[in-house]
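Worksheet: one structure, shown below.
Number of protein chains: 2
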Amino acid sequence: MKYDFTYYNPTKIHFGKDALNKLAGELAAYGENVLLVYGKGSVKRTGIYDKVVKILADANKRVTELEGIKPNPSYSQVLEGARLVRENKVDLILAVGGGSVIDCAKGISVSAYCDGDPWTKYWINFEDVTGTIVPVGSVLTMAGTGSEMNGGSVITNEDVMLKNGRVFPSSVYPKFSILDPEFTYTVPKYQMISGIFDTMSHLMEQYFSGDDDNVTDYLLEGLMRSLIVSARKACDNPTDYEARSNIMWAATLGLNTLTGVSKTQDWEVHMIEHQVGAYTDCAHGAALGVISVPYYKYIYKYGVQKFKRFAENVFDIDTAGMSDDEAALKGIDALGAFIKELGIPENLRALGVTEDMLKPIADSAVTGGGYYKMEAEDILKVLKAAF
Amino acid sequence: MKYDFTYYNPTKIHFGKDALNKLAGELAAYGENVLLVYGKGSVKRTGIYDKVVKILADANKRVTELEGIKPNPSYSQVLEGARLVRENKVDLILAVGGGSVIDCAKGISVSAYCDGDPWTKYWINFEDVTGTIVPVGSVLTMAGTGSEMNGGSVITNEDVMLKNGRVFPSSVYPKFSILDPEFTYTVPKYQMISGIFDTMSHLMEQYFSGDDDNVTDYLLEGLMRSLIVSARKACDNPTDYEARSNIMWAATLGLNTLTGVSKTQDWEVHMIEHQVGAYTDCAHGAALGVISVPYYKYIYKYGVQKFKRFAENVFDIDTAGMSDDEAALKGIDALGAFIKELGIPENLRALGVTEDMLKPIADSAVTGGGYYKMEAEDILKVLKAAF
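Line by line, the protein sequences give chains Y and A. The first sequence begins at 140 in my numbering and counts up by one. The second sequence begins at 140 in my numbering and counts up by one.
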């Protein structure tokens, strides 16, 4: 607890097999006009769409739909949603889907009544939110991003070819989110694994910085331990309800700001992956899995005590008799074994990266880090080791 | 994650050395009439009262005071506060003190405009809250109860000699709480230790029930590990800011409902202590420390795997080669050693309990428990072992 912080998270979470039954009660708090936002049809195939539409109809809501939100939601979709909100005097934006759909809903929420150009104001200049914020609620169908309980909104402006993310204040967080772990069964196994490692990476990005004994680091260790146990069970049996529910809740808690308070953080693995994703369109979590071990091997010596602690407290490695370096590397090896066990591809080539991409990726990635400030030449070395 | 749950905690926490600087910003959201509630003068001795009063004056608030809230806040004080709220059209109740003061403020909040008799409605019949709820804010000066971020309100009705607690819904939680760890330095060491063990007990009461791998149990382990490390540092040096801040944050997180979701819980140590406290007026946390080891030795065999896990994951005991019973008992022994290290009295006699009190305490304690349903005769055996 080195730093002053404010913690405030007013999202209400309804969790479990019967969570969707709580939707009607939430809807009662808002006016009759609802904008229903969803993706490219998987919620229709799985029947979740029909269930939600019935609840909306039973609640006598007048529903406008915005469908086809892309995995990387586009700014043009945000503007389209904003127009629909204004035209239909929308009282509630209901996002049904994964993090992309919820990110898009938040973008619509702040853009509908924005003075001036929302892209410039919010995703370029990162200004404070002004004007009416239209309430957002969500029904989550994929675990990993944490968007259901935070202010994150990553939007791609296709006109200028920029993918920018920002964190909106708590007034933009979803007012409520419905988390039924069974809804996540509908995601293919590779996406499940990618989501699991995305969560693991969120936890490590917050953990690998600083070296004090603060509460937050112990919470992160607990979440990592829980996630590892549940991930193994879910890989064996993707419809293990216990495992999928623990993964879903760990994903939410791992990025709802609780696990970041009072800590310096790293996030360099995400910065590198961001550019790998831009060049290949590979699954986000899978690429994080490929980059993590080479990155941590590159920087561990600048935070060796924390990596030793990671070995001991997350992977239960008995480090007695080991040097600090040996202990730290044992922990990173255990992480590597876990990544392999998940079935994440072995290297960047398997994700579609070609050798000529390495330097442009390194040169375009945001530099920084927790224990060591990565520059472009450092990133290139990590990419070569991951290639 | 066996159970459906709703998690919603809308309290805003300002934490750290400069946290009181955030008070003015919070006050701006409320009308001019403030009821300032505090205890028997320690906030005046420590200067916290003067700081708060100056901030209120600078914000042009019209302040009414209710002082002298007892460690077990009385219902007559709740009614007195409710009258002051009505007479002065109070817009915000600001509690400055420990859990008792905040508990009392919540009681005032729901009683001021209650239809009918608040005691009967809220603390006897546990009815839902109706009528206007007056917002509560807090400046916390003692860590342990968690009242700063939950709906708990334990009130003693001196007319009928009943001490009843209840948990109000989130609409009654403090809207904001100011947590400056340095404010907790003003508490005597024995009270600090009692607060630390109160928090440890809250964590164990939630942990020792059920046996699944759920996220919540891992979070509880993390909080216990953190608390043990910080408690040792704080005992060596009570003005170790890092340690005191970690203790304060762990106390809040340990009882803000996050660590209880989706789990069965125990709470039998608290039920027994409740009656020990009624007979002796001893420090709550100290009595929990005296009762815990005999209680857990009495019931561990009904949840032996969880006690083994406690030994391994909380006290880092290598249980290889041990039977489950041995491993479980090693963990309870480690807990006993920790209690001794804290300097908690060795037995009930040292807390003022006499032999003739044992049976009445056992007979009056609420029976129940996590792994084993305690009856009066079981409780008596535990009390004799703790005597």
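C-beta atoms are modelled at their ideal positions from N, C-alpha and C, and glycine is treated no differently.
Quick one: residues in its chain with C-beta nearer than 6 Å to the C-beta of residue i, no 5 flanking neighbours on either side, listed in chain order?
| i | result |
| --- | --- |
| Gly-428 (chain Y) | Phe-336, Ile-478 and Ile-483 |
| Gly-170 (chain A) | Asp-230 |
| Val-505 (chain Y) | Met-410 |
| Asp-242 (chain A) | Pro-212, Ser-286, Ser-292 and Val-293 |
| Lys-260 (chain Y) | Glu-266 |
| Tyr-441 (chain Y) | Tyr-510 and Tyr-511 |
| Ala-244 (chain Y) | Val-176, Ile-232, Ala-234 and Val-275 |
| Thr-185 (chain A) | Thr-325 |
Which same chain residues, not among the five before or five after residue i, have their C-beta less than 8 Å away from its C-beta?
| i | result |
| --- | --- |
| Asn-211 (chain Y) | Ser-239, Val-293, Thr-295 and Lys-302 |
| Asn-395 (chain A) | Asn-148, Thr-150, Gly-285, Met-288 and Asn-289 |
| Glu-516 (chain Y) | Ala-501 |
State the beta-bridge partners of residue i as determined by DSSP.
| i | result |
| --- | --- |
| Ile-317 (chain Y) | Y:His-153 and Y:Val-278 |
| Arg-305 (chain Y) | Y:Ser-292 |
| Leu-218 (chain Y) | None; Leu-218 (chain Y) has no bridge partner. |
| Phe-144 (chain Y) | A:Phe-154 |
| Ser-213 (chain Y) | Y:Thr-295 |
| Asn-234 (chain A) | It is worth fixing the name first, because residue 234 (chain A) is Ala in this sequence and not Asn. Beta-bridge pairing links Ala-234 (chain A) to A:Val-176 and A:Ser-277. |
| Gly-507 (chain Y) | Y:Met-513 |
| Arg-201 (chain A) | A:Asn-172 |
Going by Cα to Cα distance, which pick from the options is closest to residue i?
| i | options | result |
| --- | --- | --- |
| Gly-291 (chain A) | A:Gly-255, A:Pro-274, A:Ala-525 and A:Pro-313 | A:Pro-313 |
| Pro-327 (chain A) | A:Leu-519, A:Asn-452 and A:Cys-374 | A:Cys-374 |
| Pro-499 (chain A) | A:Gln-414, A:Arg-383 and A:Thr-323 | A:Gln-414 |
| Ser-277 (chain Y) | Y:Tyr-439, Y:Phe-154, Y:Asp-351 and Y:Asp-420 | Y:Phe-154 |
| Tyr-252 (chain Y) | Y:Asn-264, Y:Pro-274 and Y:Gly-236 | Y:Pro-274 |
| Gln-345 (chain A) | A:Thr-325, A:Leu-392, A:Met-331 and A:Ala-370 | A:Leu-392 |
| Leu-342 (chain Y) | Y:Leu-359, Y:Val-354, Y:Ile-332 and Y:Asn-353 | Y:Leu-359 |
| Leu-481 (chain A) | A:Val-492, A:Lys-156, A:Pro-377 and A:Asn-148 | A:Pro-377 |
| Tyr-439 (chain A) | A:Gln-216, A:Ile-332 and A:Tyr-510 | A:Tyr-510 |
| Ala-370 (chain A) | A:Leu-468, A:Leu-233, A:Leu-474 and A:Thr-493 | A:Leu-474 |
| Gly-237 (chain A) | A:Met-281, A:Thr-259 and A:Arg-222 | A:Met-281 |
| Ala-234 (chain A) | A:Glu-206, A:Gly-255 and A:Arg-383 | A:Glu-206 |
| Asn-199 (chain Y) | Y:Leu-166, Y:Asp-517 and Y:Leu-497 | Y:Leu-166 |
| Asn-613 (chain A) | A:Thr-419, A:Phe-307 and A:Asn-289 | Only positions 140 to 526 of chain A appear in this structure, which leaves residue 613 (chain A) out of reach. |
| Ser-503 (chain A) | A:Ala-417, A:Lys-512, A:Phe-446 and A:Val-453 | A:Ala-417 |
| Ala-390 (chain Y) | Y:Glu-412, Y:Gly-361, Y:Glu-407 and Y:Phe-347 | Y:Gly-361 |
| Ser-348 (chain A) | A:Asn-289, A:Val-408, A:Phe-454 and A:Val-311 | A:Val-408 |
| Thr-284 (chain Y) | Y:Val-299, Y:Ser-365, Y:Gln-330 and Y:Leu-519 | Y:Gln-330 |
| Ser-365 (chain A) | A:Glu-381, A:Tyr-324 and A:Leu-279 | A:Glu-381 |
| Lys-156 (chain A) | Y:Gly-164, Y:Phe-315 and Y:Phe-144 | Y:Phe-144 |
| Asp-350 (chain Y) | Y:Trp-388, Y:Lys-445 and Y:Lys-183 | Y:Lys-445 |
| Ser-310 (chain A) | A:Ile-272, A:Tyr-324, A:Ser-333 and A:Ser-340 | A:Ile-272 |
| Trp-262 (chain A) | A:Gly-304, A:Ser-248, A:Asp-298 and A:Val-299 | A:Gly-304 |
| Tyr-146 (chain A) | A:Glu-494, A:Glu-485, A:Arg-448 and A:Thr-355 | A:Thr-355 |
| Glu-219 (chain A) | A:Ala-196, A:Ser-462, A:Ile-194 and A:Gly-246 | A:Gly-246 |
| Gly-460 (chain Y) | Y:Asn-452, Y:Lys-447 and Y:Val-453 | Y:Lys-447 |
Could you list which residues in chain Y have their beta carbon closer than 7 Å to that of residue i, in chain order?
| i | result |
| --- | --- |
| Arg-364 (chain A) | Tyr-357 |
| Pro-149 (chain A) | Pro-149 |
| Ala-450 (chain A) | Correct list: empty, because the minimum Cβ distance to chain Y is about 13 Å. |
| Gly-470 (chain A) | Near Gly-470 (chain A) there are no residues of chain Y at all, since even the closest Cβ is about 16 Å away, more than 7 Å. |
| Gly-361 (chain A) | Tyr-357, Leu-358, Glu-360 and Gly-361 |
What residues of chain Y sit near residue i, judged by a beta carbon separation below 9 Å?
| i | result |
| --- | --- |
| Leu-392 (chain A) | Val-354, Leu-358 and Leu-397 |
| Lys-156 (chain A) | Asp-143 |
| Ala-389 (chain A) | Val-354 and Tyr-357 |
| Gly-290 (chain A) | Those do not exist, as Gly-290 (chain A) stays about 14 Å from chain Y at its closest Cβ, beyond 9 Å. |
In chain A, which residues lie with their C-beta within 7 Å of the C-beta of residue i?
| i | result |
| --- | --- |
| Tyr-153 (chain Y) | Here residue 153 (chain Y) turns out to be His, not Tyr, going by the sequence shown. Those are Thr-145, listed as they occur along chain A. |
Residues of chain A with CB under 9 Å from residue i, in chain order?
| i | result |
| --- | --- |
| Asp-350 (chain Y) | None at all; the shortest Cβ gap to chain A is about 12 Å. |
| Val-368 (chain Y) | Asp-352 and Tyr-357 |
In its own chain, which residues sit with a C-beta less than 7 Å from the C-beta of residue i, not counting the 5 before and 5 after it?
| i | result |
| --- | --- |
| Lys-436 (chain A) | Ile-471 |
| Ala-450 (chain Y) | Ile-456, Thr-458, Ala-466, Ala-467, Lys-469, Gly-470 and Ala-473 |
| Trp-258 (chain Y) | Tyr-214 and Asn-296 |
| Asp-254 (chain A) | Thr-269 and Gly-270 |
| Leu-497 (chain A) | Leu-519, Leu-522, Lys-523 and Phe-526 |
Identify the contact partners of residue i in chain A, using a Cβ-Cβ distance below 8 Å as the criterion.
| i | result |
| --- | --- |
| Asn-385 (chain Y) | Met-140, Asp-352, Asn-353 and Val-354 |
Taking Cβ-Cβ distances shorter than 8 Å, what residues in chain Y pair up with residue i?
| i | result |
| --- | --- |
| Lys-161 (chain A) | Thr-145 |
- Query: Are the stretch 312-329 of chain A and the stretch 399-408 of chain A in contact at 8 Å, needing three or more beta carbon pairs?
  - Reply: no
- Message: Whether or not the stretch 409-425 of chain A and the stretch 382-401 of chain A are in contact is what I'm after, with contact meaning three or more pairs of Cβ atoms, one per stretch, closer than 8 Å; do they touch?
- Response: no
- Task: Could you say if the stretch 217-229 of chain A and the stretch 174-189 of chain A meet the contact criterion of at least three C-beta pairs nearer than 8 Å?
- Result: yes
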